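A.B. asks: Below you will find the structure I want to go over with you.
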Amino acid sequence: HDLVAQGQFRILKVPLGFIKVLQWFFAIFAFSTCGSYSGMFKMAVECKNRTESNLAIQVEFEYPFRLHQVYFDAPTCKDRASDRIFLVGDYSSSAEFFVTIGVFAFLYSTAALSIYVFFYDKYKENNKGPLIDLGVTAVFAFMWLVSSAAWAKGLSDVKTATDPDEVITLIDACEKKENSCREVHDPVMSGLNTSVAFGFINLVLWAGNLWFVFKETGIIAPFMRAPPPEGKPAPDAYAQQGAYEQDPYASNQGGYQPEFNQQGYNQEAEYGQGYGQQGAPTSFSNQM
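So in full-length UniProt numbering, spot 18 of the sequence shown is number 18, and the numbers just go up one at a time.
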């Protein structure tokens, strides 16, 4: 049973399986860094009449970045009244598209890995598996390119729309010289920068994976002098050979060899004794 399990999981050591494991991990990183994000920035509005000031206006925003629904109340610096001000822009489409591609890439990687491990023979049967795999991998490589580029653009817009210096321009009271407005705290965007980086890492992984899936289809076989079927079992044969050499050989060394040496030594001793008693030349010539 162990040997069977080892045989099945051996696919994870060759590029085809190993890259799928990486895709699985990086898809999780991509959609979780973007989808779980929430940020906050602070501003201060200081009115000429200090009692009307608000020095800690806190604005919170989060995925999916429908910023036009995010609002805060800022003092008007008149009659203790305040204005409700909304941020600008809706960047949910690029953010949600990116996260959706990440989730689907994660689901596909999970499915593909389980097929590689448990149904590899069926996967190779009639070449249907590798051809479907190749098609889906190509689609995902393209989708990662589109969604990562769209989200990179969306993120730069989100950064502009949540920059306190930009938001201050929306506050009427800040246009008057007698009042002073300033940013207190910038939003932390490192998590979102990382999500874009993971998007492009996924693009590289899926595009690179195309070659290894393409080799599985066997389309290339007729054009190569040495057909891949000879090269393909190499990891398998090598692993079996390794296992064979290690176990029986080790036990031979442990159990069988000293015995053999002992026997050899005893025979040699007996032969030496006989040789000494009879005298070699006479016995040798007699035998002749």
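Think of the CB as a built atom: it goes at the ideal place given N, C-alpha and C, for glycine as much as any other residue. Only a predicted model underlies this, so the values are computations on that prediction, with no experimental measurement involved.
1) Can the beta-carbon of Pro75 be found less than 8 Å from the beta-carbon of Ser92?
2) Compare the Cα-Cα distances from Ala152 to each of Val136, Leu107, Leu12, Phe98 and report the closest residue.
3) Just the Cα atoms here: how many angstroms apart are Phe118 and Tyr108?
4) Leaving out the 5 sequence neighbours to the left and right, which residues in its chain are closer than 7 Å to residue 330 when beta-carbon positions are compared?
5) Specify, as a first and last residue, the run of the alpha helix (DSSP H) that Tyr108 falls within.
6) How would you label Val204, buried or exposed, when you count the other beta carbons within 10 angstroms and need 16 or more for buried?
7) Does Thr160 pass the burial test, meaning 16 or more other C-beta atoms within 10 Å, or should it be called exposed?
8) Please report the residue range of the beta strand (DSSP E) in which Pro164 lies.
9) Quick check on residue 290: buried or exposed, where buried means 16 or more other Cβ atoms within 10 Å of its Cβ?
10) Using DSSP bridges, identify the partner residues of Arg182.
11) Do Trp144 and Asn49 have their C-beta atoms closer together than 8 Å?
12) Does Tyr123 come out as helix, strand or coil in the three-state DSSP assignment?
13) For Cys47, which residues from the same chain have a beta carbon less than 7 Å from its beta carbon, with the 5 sequence-adjacent residues on both sides left out?
14) Please report the residue range of the alpha helix (DSSP H) in which Leu22 lies.
15) Starting from the C-beta of Leu170, find all residues in its chain whose C-beta is less than 6 Å away, skip the five residues before and the five after it, and write them out in chain order.
16) Need the endpoints of the alpha helix (DSSP H) that Ile201 sits in, please.
17) Who are the Cβ neighbours of Ser148 in its own chain at under 8 Å, not counting the five residues just before and after it?
18) On the CB-based measure, 16 or more other CB atoms within 10 Å of its CB, does Gln23 come out buried or exposed?
19) What residue from His185, Asp165, Leu155 has the CA that sits closest to Cys34's CA?
20) What's the C-alpha gap between Ile101 and Cys181?
21) Roughly how many angstroms lie between the CA atoms of Met189 and Asn209, to the nearest whole one?
22) Quick check: Ile19 and Phe212, are their CB atoms within less than 8 Å of each other?
23) CB Ala105 to CB Ala27, shorter than 8 Å?
24) Please name the residue or residues paired with Phe86 in a DSSP beta bridge.
25) According to DSSP, simplified to helix, strand and coil, what is Ser156?
26) Who are the near neighbours of Ala207 in its chain, counting only those whose CB is closer than 6 Å to its CB and skipping five residues on each side?
27) Which residues does DSSP list as the beta-bridge partners of Val59?
28) Let me know if Lys13 comes out buried or exposed under the rule of 16 or more other beta-carbons within 10 Å of its beta-carbon.
29) Here's a check: name, in chain order, each residue in its chain whose Cβ is nearer than 7 Å to the Cβ of Glu166, leaving out the five neighbours to either side.
C.D. replies: By the coordinates alone:
1) Working through the sequence shown from its first residue, we reach residue 75 at position 75. Working through the sequence shown from its first residue, we reach residue 92 at position 92. Against a cut-off of 8 Å, the Cβ pair of Ser92 and Pro75 comes out as no contact.
2) Along the sequence shown, one-based indexing puts residue 152 at 152. Comparing Cα positions, the closest option is Phe98.
3) Counting from one through the sequence shown, the residue named residue 118 turns up at place 118. Counting from one through the sequence shown, the residue named residue 108 turns up at place 108. Rounded to the nearest angstrom, the two C-alpha atoms are 15 Å apart.
4) Past the edges of the chain, shown from 1 to 288, lies residue 330, and the structure says nothing about it.
5) Taking the first residue of the sequence shown as 1, we reach residue 108 at position 108. Counting along the chain, the alpha helix (DSSP H) containing Tyr108 begins and ends at 92–118.
6) Counting from 1 along the sequence shown, the entry for residue 204 is found at position 204. Classification of Val204: exposed, given that the 10 Å Cβ count is below 16.
7) Taking the sequence shown and counting its residues from 1, the one referred to as residue 160 is at position 160. Classification for Thr160: exposed.
8) As a working mapping, residue 164 is identified with position 164 in the sequence shown. Where Pro164 is concerned, there is no enclosing beta strand (DSSP E), although the alpha helix (DSSP H) it sits in stretches over 164–168.
9) One cannot answer for residue 290 here, as it falls past the ends of the chain, which runs 1 to 288.
10) For this step, residue 182 is matched to residue 182 along the sequence shown. Ala44, per the DSSP bridge assignment.
11) Position 144 of the sequence shown, counted from the first residue, corresponds to residue 144. Position 49 of the sequence shown, counted from the first residue, corresponds to residue 49. No, Cβ-Cβ distance for Trp144 and Asn49 is not below 8 Å.
12) For the purposes of this step, residue 123 is taken as residue 123 along the sequence shown, with counting starting at 1. It is helical.
13) The sequence position of residue 47 within the sequence shown is 47, counting from 1. Cβ neighbours of Cys47 beyond the five flanking positions: Ser53, Pro75, Cys77, Ala173, Asn179.
14) Indexing the sequence shown from 1 puts residue 22 at position 22. Unbroken alpha helix (DSSP H) run through Leu22: 15–35.
15) Against the sequence shown, residue 170 aligns to sequence position 170. Once the five neighbours on either side are set aside, the close Cβ partners of Leu170 are Ile85.
16) Within the sequence shown, residue 201 is the residue found at index 201, counting from 1. First-last of the alpha helix (DSSP H) with Ile201: 190–217.
17) Sequence index remark: in the sequence shown, residue 148 carries index 148 (1-based). For Ser148, where only same-chain residues beyond five positions count, the Cβ hits under 8 Å are Phe98, Val196, Gly199, Phe200, Asn202, Leu203.
18) By 1-based counting over the sequence shown, the position of residue 23 is 23. Gln23 comes out buried.
19) As a working mapping, residue 34 is identified with position 34 in the sequence shown. Of His185, Asp165, Leu155, the residue nearest in Cα terms is Leu155.
20) Working through the sequence shown from its first residue, we reach residue 101 at position 101. Working through the sequence shown from its first residue, we reach residue 181 at position 181. Their Cα atoms are separated by approximately 41 Å.
21) Start at 1 with the first residue of the sequence shown, and residue 189 comes out as number 189. Start at 1 with the first residue of the sequence shown, and residue 209 comes out as number 209. Taking the straight line from one Cα to the other gives about 31 Å.
22) Start at 1 with the first residue of the sequence shown, and residue 19 comes out as number 19. Start at 1 with the first residue of the sequence shown, and residue 212 comes out as number 212. Going by C-beta atoms, Ile19 is nearer than 8 Å to Phe212.
23) Locating residue 105 in the sequence shown gives position 105, where the first residue counts as 1. Locating residue 27 in the sequence shown gives position 27, where the first residue counts as 1. Contact flag set, yes.
24) As a first step, residue 86 is located in the sequence shown; it is residue number 86 there, counting from the start. Partner(s): Tyr71.
25) Taking the first residue of the sequence shown as 1, we reach residue 156 at position 156. Helix.
26) The residue you call residue 207 lines up with position 207 of the sequence shown. Excluding residues within five positions, the ones whose Cβ falls inside 6 Å are Ala141.
27) Residue 59 sits at position 59 when you count from the first residue of the sequence shown. Per DSSP, Phe41.
28) Locating residue 13 in the sequence shown gives position 13, where the first residue counts as 1. So Lys13 counts as exposed.
29) Your numbering for residue 166 matches position 166 in the sequence shown. These residues qualify, in order along the chain: Thr160.
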